[in-house]
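Written below as structure tokens is the structure these notes are about.
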Amino acid sequence: SARGGWAGRGQYFPKGGGGAHTFTVPDTHKNPLGDIVTTISVSDLNEPPKRFKDTAKISDCQYVASYNWLAEISPTIAVPGQPAAWTPLKEPRRLKEDSGDYFRDINSAMLPSHPAEPAVKVVLESDPGIPLSGVDIFACGSTFGNLLRLVQSVPKGFRFGVEVIGGTVFFSRKENDPRELLEGVRGYGHTFPEAYTTWEGAVKGSQTHQRIIQYGFGGLKCLVRFECDGYIKDLASSDVALASTLDFKTTDYDLHQTLQATMITQPPQTIGDDVTIKCGGTVVPQKSIFDLKTRSHRKKESFTIDEFIPQLWVKQIPNFIVAFHQSGLFRDPEIHNVKDDILKWEADKQADLQRLAVLIHKIVDIAHIHDDELLEVYRAENSSDLQIRRQYGEGSQTLSPVTKAAWVQRSDFGHTDTAGGQHEESDPYEDDWHDGDDWDAASDGSERDFTACSADDCGYCGKCSY
294 SARGGWAGRG
304 QYFPKGGGGA
314 HTFTVPDTHK
324 NPLGDIVTTI
334 SVSDLNEPPK
344 RFKDTAKISD
354 CQYVASYNWL
364 AEISPTIAVP
374 GQPAAWTPLK
384 EPRRLKEDSG
394 DYFRDINSAM
404 LPSHPAEPAV
414 KVVLESDPGI
424 PLSGVDIFAC
434 GSTFGNLLRL
444 VQSVPKGFRF
454 GVEVIGGTVF
464 FSRKENDPRE
474 LLEGVRGYGH
484 TFPEAYTTWE
494 GAVKGSQTHQ
504 RIIQYGFGGL
514 KCLVRFECDG
524 YIKDLASSDV
534 ALASTLDFKT
544 TDYDLHQTLQ
554 ATMITQPPQT
564 IGDDVTIKCG
574 GTVVPQKSIF
584 DLKTRSHRKK
594 ESFTIDEFIP
604 QLWVKQIPNF
614 IVAFHQSGLF
624 RDPEIHNVKD
634 DILKWEADKQ
644 ADLQRLAVLI
654 HKIVDIAHIH
664 DDELLEVYRA
674 ENSSDLQIRR
684 QYGEGSQTLS
694 PVTKAAWVQR
704 SDFGHTDTAG
714 GQHEESDPYE
724 DDWHDGDDWD
734 AASDGSERDF
744 TACSADDCGY
754 CGKCSY
């Protein structure tokens, strides 16, 4: 979930959302399109029949890494970071409506030249011994979500960069301007989480919590970054308590070990593009994290969680909080465990998900054919076609030279059988959310709501109900 960075002082609060605003579409005048390589139509995705019958579902979901953007003068992240804790008020009080300026995408705003850099860097350092040659795709909730909307015929324009680095195809989100602000902000999508969640301990002053997970889909191993609104302590207490008993005051622990720490005080480092990385926070299990929405009480009877299930599926978020208000007064926010809803949706939407698998494979194949070029995926608003284009001019590199070289070094350009193909019958929720053992021992900690919308979910489409 994206949170909506307050541009005035860099604050970036979790989402909750509600309200009307301007519909943002890709600005091809400000950012011209390059030459077309090929066009993919939705009608092209209906073949081959049943090819992905057994793999058009998420399998073997694992936590990989995480970080928090901190509200400091220069770009700074904390690793592993920690989501904001759900700390509801004992007595409801009327909240002020949202005001101020908020960034559309915190990663682009903080690091305009290479927004994906922090996520890639923390993955590289999460466990230096893990080979990355089998990673087929490095994407985010926004890019995956946009492709899913296309196969489901949801009319929304979008564009994102495509680059092959060390055998991995990177999908890089693109805004019209890196520091683009949300327009027409109203509602309580920022003030509610500010009042009902808390950045605790070493992550006080955070702007957002970003998580990277790994799973198999369509026979491909995918790394997906997304933003998390918060976590519920009661669903993570045993894991956090275990991490809290560990002593990390010595200085010879590598970053993989420090991912299990709670209050780490090692000297800060710098990563590509002068981003400072500090160690701090607690790894929390995936079963404990939630997505958050706020809505007017007038919409309570017509409100349904169903429209958000696709977003939760992409990010594998099992909890959903919805808070209804009367003129800013929130009573009894509802907490829903939506694990079974996600599994049912995945089973019911196999036709769409098989088309999604075909689409992703087509993009990956084209990217590898043009692996010495910078490409771009572009969909015009209301179009059923997806264009693969060369990036205009010199294009935008996904990573800094140093981080790119590090990724290539850890890759052997080969593609092994991936999680999606090896374990196609596994249930991603069985291990992770039923018993919680795997997720809980090594889990992690995405998006905020701006009015009724959010960055990763709909890219602030301006058409979400309020």
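So the working numbering is basically just the index in the sequence shown, starting at one, shifted up by 293.
The beta-carbon is built from N, C-alpha and C at its ideal position, and this holds for glycine as well.
Because the structure is a prediction, the values reported are computed rather than measured.
Indicate whether residue i and residue j have their beta-carbon atoms separated by less than 9 Å.
i, j, result
"L326", "E669", "yes"
"E418", "A371", "no"
"K323", "R672", "no"
"V657", "D429", "yes"
"K573", "T348", "Here residue 573 is Gly; the residue named in the question, Lys, does not match the sequence. The answer is no: Cβ separation not under 9 Å."
"V330", "R683", "yes"
"I582", "P611", "yes"
"L585", "F613", "yes"
"L646", "K350", "yes"
"H654", "L425", "no"
"W765", "Q503", "Not covered by the structure: residue 765. The range shown for the chain is 294 to 759."
"D634", "D599", "yes"
"V568", "T369", "yes"
"A378", "G498", "no"
Look up residue i in the DSSP assignment and say whether it is helix, strand or coil.
i, result
"R442", "helix"
"E594", "coil"
"Q690", "coil"
"V372", "strand"
"H492", "Looking at the sequence shown, residue 492 is not His but Trp. Looking at W492 - three-state DSSP - the assignment turns out to be coil, as it is neither helix nor strand."
"V631", "coil"
"H502", "strand"
"K637", "helix"
"Q507", "strand"
"E365", "coil"
"Q355", "strand"
"E520", "strand"
"H654", "helix"
I think residue i touches residue j, with their Cβ atoms under 8 Å apart; what is that distance to the nearest whole Å?
i, j, result
"E594", "Y481", "Contact flag wrong, Cβ pair sits at about 19 Å."
"G460", "S704", "5 Å"
"T501", "E487", "Rounded, the Cβ-Cβ distance is 13 Å, inconsistent with contact."
"F485", "F623", "6 Å"
"P376", "V577", "6 Å"
"I366", "W700", "Actually they are not in contact, since the Cβ atoms of I366 and W700 sit about 29 Å apart, beyond 8 Å."
Pick out whichever of the options has its Cα sitting closest to the Cα of residue i.
i, options, result
"L652", "T317, T332, V318", "T332"
"I570", "E410, R387, F431", "E410"
"V631", "L679, A650, R624, K580", "K580"
"D353", "I506, A402, K497", "I506"
"I525", "A660, Y489, R518", "Y489"
"H661", "G686, V455, I635, L443", "V455"
"G686", "P319, D320, T317, D328", "D328"
"L443", "Q680, G509, K592", "Q680"
"G621", "L388, T321, G374, Y356", "L388"
"Q355", "L528, S435, Y508, V462", "Y508"
"T763", "R344, K346, P373, V318", "The structure shown has nothing for residue 763, since the chain only spans 294 to 759."
"R466", "V415, D527, I399, T491", "I399"
With respect to 8 Å, is the separation between the Cβ of residue i and the closest non-hydrogen atom of the ligand NAD below this value?
i, result
"D391", "This structure simply doesn't include the ligand NAD, nor any ligand for that matter."
Cβ of residue i less than 9 Å from any chain C Cβ?
i, result
"N400", "No chain C is present in this structure, which holds just one protein chain."
Ignoring anything shorter than 3 residues or poking outside the region 377-447, list the beta strand (DSSP E) runs there in chain order. 430-433
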